[in-house]
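Here the sequence shown is numbered in our numbering, starting from 2 and rising by one per residue.
The C-beta atom is built at its ideal place from N, Cα and C for all residues, glycine as well.
Please read these numbers as outputs of a predicted model, since none were measured by experiment.
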Amino acid sequence: MTILNRQIDQIRRRALQGETIPHEEKVFSLFEPHTEWISKGKAGVPVELGIKVCIIKNQYGFILHHRIMENETDNQIALTIIKETKKNLPALYSCSFDKGFHSKENQKELTSLIDKVVLPRKGKLSSETAAIEKEPEFLKLRRKHSAVESAINALENHGLYICPDHGLSGFNRYVGLAVLARNIQIIGKAVQVKMLQELEKADRKTRPIRLAA
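Below is the structure:
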């Protein structure tokens with residue numbers, strides 16, 4: 002009844018009184034009220050409904066940390082997710098971000114946390130900033146950023162595109178299990194490659210030698 006009364010109130014205000022409902026009052030799912038309106042500005046995908054998840058991936062393909070972004074934007078969590086990651090991995094040397102994580106404060110604070118911050122700035126660049134983003138190491142690390150996109154696609158393709166669990170706690174649990182499953186998959190792939198290499202090596206040793214006259 003509470004949900005019904007809320008919807009009736011919003012419909013009356015919008016349709017009969019011509020009021021614009023504030024974004025924070027809007028409900029995008031009656032059954033999963035934590036669902037958010039996500040506008041990433043991607044071509045062909047102007048809006049998505051769900052909850053954003055940020056991940057930190059290392060050079061070996063493992064997801065080191067993830068954060069459920071409840072009503073948070075990228076630039077609001079840049080410092081937090083690095084601090085949380087560094088608690089378990091103090092040797093974290095560098096991290097590459099999308100432009101959405103940029104802010105002047107983030108540029109300054111992240112530099113004090115990690116040695117190499119690869120965080121492209123928004124808008125027109127000054128000559129000093131442009132020179133920094135053209136440095137060989139910056140470009141090298143920036144090119145590796147596409148690897149995190151593959152991890153995101155892998156998570157989506159292996160069950161994380163739609164969450165079958167209910168409630169915010171169910172969503173959090175499902176995301177954590179998906180990350181764990183992805184890391185196990187990476188380990189399995191490495192073990193499989195090693196086993197194939199050992200089999201090929203053993204096959205070469207047992208292969209008969211053929212001499213040509």
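Distance, residue j Cα to residue i Cα
i, j, result
"Arg7", "Arg14", "11 Å"
"Leu5", "Leu178", "34 Å"
"Ile12", "His24", "14 Å"
"Asn184", "Lys105", "34 Å"
"Leu120", "Ala92", "19 Å"
"Leu111", "Lys41", "23 Å"
"Asp51", "Arg68", "The amino acid occupying residue 51 in the given sequence is Gly; Asp does not appear at that position. Their Cα atoms are separated by approximately 14 Å."
"Ile64", "Ser97", "14 Å"
"Lys202", "Leu90", "36 Å"
"Ile83", "Glu129", "25 Å"
"Ser127", "Thr21", "40 Å"
"Glu33", "Asp10", "20 Å"
"Lys109", "Gln18", "47 Å"
"Val54", "Thr81", "14 Å"
"Phe29", "Lys135", "42 Å"
"Ile39", "Val48", "6 Å"
"Met2", "Ile187", "48 Å"
"Arg144", "Ile153", "16 Å"
"Glu26", "Lys88", "36 Å"
"Lys190", "Ala16", "56 Å"
Same chain, Cβ closer than 7 Å to residue i, five either side skipped, listed in chain order
i, result
"Tyr94", "Ile115, Asp116 and Lys117"
"Leu156", "Ala179 and Arg183"
"Phe175", "It should be pointed out that residue 175 corresponds to Tyr in this sequence rather than to Phe. So the qualifying residues of the chain are Cys164 and Asp166."
Residues sharing a beta bridge with residue i, DSSP
i, result
"Met70", "Lys53"
"Ser95", "Lys117"
"Glu37", "Gly51"
"Lys58", "Ile64"
Start and end residues, alpha helix (DSSP H) containing residue i
i, result
"Glu110", "Lys105 to Leu114"
"Tyr175", "Gly168 to Thr207"
"Phe287", "A question about residue 287 goes unanswered here, because the residues of the chain that appear run from 2 up to 214."
"Leu156", "Ser147 to Leu156"
"Phe139", "Pro137 to Arg144"
"Ser128", "Ser128 to Glu134"
"Lys87", "Asp75 to Asn89"
"Arg7", "Thr3 to Ile12"
Residue-chain proximity (residue i, chain C), Cβ-Cβ < 7 Å
i, result
"Gly177", "In the displayed structure, chain C is absent; only one protein chain is listed."
Residues of its chain near residue i, where Cβ-Cβ distance is below 6 Å and the 5 sequence neighbours each way are ignored
i, result
"Lys100", "Pro121 and Lys123"
"Gly103", "The amino acid at residue 103 is misidentified as Gly; the sequence shows His. Taken in chain order, the residues that qualify are Leu120, Arg122 and Lys123."
"His35", "Leu169"
"Ala79", "Phe102 and Asn107"
"Gln77", "none"
8 Å CB neighbourhood of residue i in its chain, flanking five on each side removed
i, result
"Glu85", "His66 and Arg68"
"Ile133", "Phe139"
Practice problem: Would you check if the segment 155-164 and the segment 107-126 touch, i.e. whether three or more CB-CB distances between them fall below 8 Å? | Solution: no
Quiz item: Per the contact definition of three or more C-beta pairs closer than 8 Å, is the segment 126-144 in contact with the segment 165-175?
Solution: no
Quiz item: Are the segment 55-75 and the segment 147-161 touching by the rule of at least three beta carbon pairs closer than 8 Å?
Solution: Segments in contact, yes.
Quiz item: Do the segment 69-77 and the segment 194-201 touch if we need at least three Cβ pairs shorter than 8 Å?
Solution: No, the segment 69-77 is not in contact with the segment 194-201.
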